[in-house]
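Numbering (the numbering used here), first residue to last: 18 to 397.
For glycine and all other residues, C-beta sits at the position ideal for the given N, C-alpha and C.
For reference, the structure is listed below as structure tokens.
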């Protein structure tokens, strides 16, 4: 009886993995489809468990078990293909930084922290910043309470952009490096900001920094992923069209292996320092098995990576993450060979998604978003 229970339970698990994999291929943006892109690590673990479990009873298989095993193998291969790039088994997309003999003059440390608005452990983040001394701190979900708490670090961070909101989409930027003409923009939704600024590196080179936190697809927020996808693709298209040297960071409410994030990389040409290294799973702090990477950093090919680490919990549902990059323009031509390439299909799909995600057809380009942002400023 116990053997039969395990026998059928393993097949049920195999069928579930196959079903979820096929479900995720549906070409729709509804949250109940796009959500299965998130737990690919967990699906892979369950798939491997089912695959090994089925092998133990292969001598008793009939035609339907062979068919199920074949479908499970294909599904597992797909899940592995999505996940393996974020392990040491894959070729690194970003090279390890070289010792340039100038101390840390060529380096930039960026910390991203979704603080969780109701979280009251503000001092934990202040202490972490004082300990790790990032050059850039980006906070998401930060309101007036967090803004007041972070005044303690402002003597070391003379350049700031503050957008305190109590709708879970507040955003603050603190910088030791000079910010040039920073702007707060509302690309898709009128109460969800993003920060766009030029920034002067210690070397004197001026680059672009984009800080994003789009709305996730979920039953409690957006029914579809359309506006999230459109916001990311709009910025990616803008970076490519203007041939910008850029860093994009934030809580994207998406995983690196999703079709949208991969398309963003192909369009923008930005690199992911996690590829060929390891997962940086930042959400959810309380559930280790149900954890994936929502907090990201992408950058142009003129940067190499010194380090990328998940930081200790500050009481939020996200772990902070800190990435140290090094400006090495001499490596750009080499690293560009590792960058994913785009094609006309990517461009067409991105334009279509941006059009769909625009608010009543008004914001279909960065320029239109700027016009709408100015209107919002004037109305307040």
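Bounds of the alpha helix (DSSP H) holding residue 163 are 161 to 166.
Taking each of 341, 306, 316, 333 in turn and checking the Cα distance to residue 323, the smallest one comes out for 341. Residue 268 carries a strand assignment under DSSP once its states are collapsed to helix, strand and coil. If only complete runs of 4 or more residues are kept, the region 209 to 262 shows the alpha helix (DSSP H) at 243 to 258, in order along the chain. Residue nearest to residue 28 within the set 85, 184, 122 is 85 (criterion: CA-CA distance). Each residue's CA atom was taken as its position, placing residue 310 and residue 337 some 11 Å apart. Rounded to the nearest whole angstrom, the C-alpha separation of residue 158 and residue 130 is 9 Å.
Looking at the backbone, the Cα of residue 290 and that of residue 78 are separated by about 44 Å. Listed in chain order, the non-local C-beta contacts of residue 330 below 7 Å within the same chain comprise 302, 336, local neighbours out to five positions each way being set aside. Annotation for residue 157: the continuous beta strand (DSSP E) segment containing it runs 153 to 157. Non-local C-beta neighbours of residue 235 in its own chain, meaning closer than 8 Å and more than five positions away in sequence, comprise 48, 52, ordered along the chain. Nearest to residue 132 by alpha-carbon distance, out of 374, 72, 183, is 183.
In this structure the region 304 to 318 lies against the region 266 to 285, because at least three pairs of beta carbons, one per stretch, are closer than 8 Å. Per DSSP, the beta bridge partners of residue 124 are 343. The secondary-structure analysis by DSSP pairs residue 178 across a beta bridge with 190.
Cβ-Cβ distances below 8 Å link residue 174 to 154, 191, 192, 193 in the same chain, with the five nearest sequence neighbours on each side left out; the list follows chain order.
When Cβ pairs closer than 8 Å are counted between the two stretches, the region 109 to 129 is seen to touch the region 279 to 297, the count reaching three or more.
Collapsing the DSSP output to three states places residue 119 in coil. In the three-state DSSP reduction, residue 307 falls in the coil class, being neither helix nor strand.
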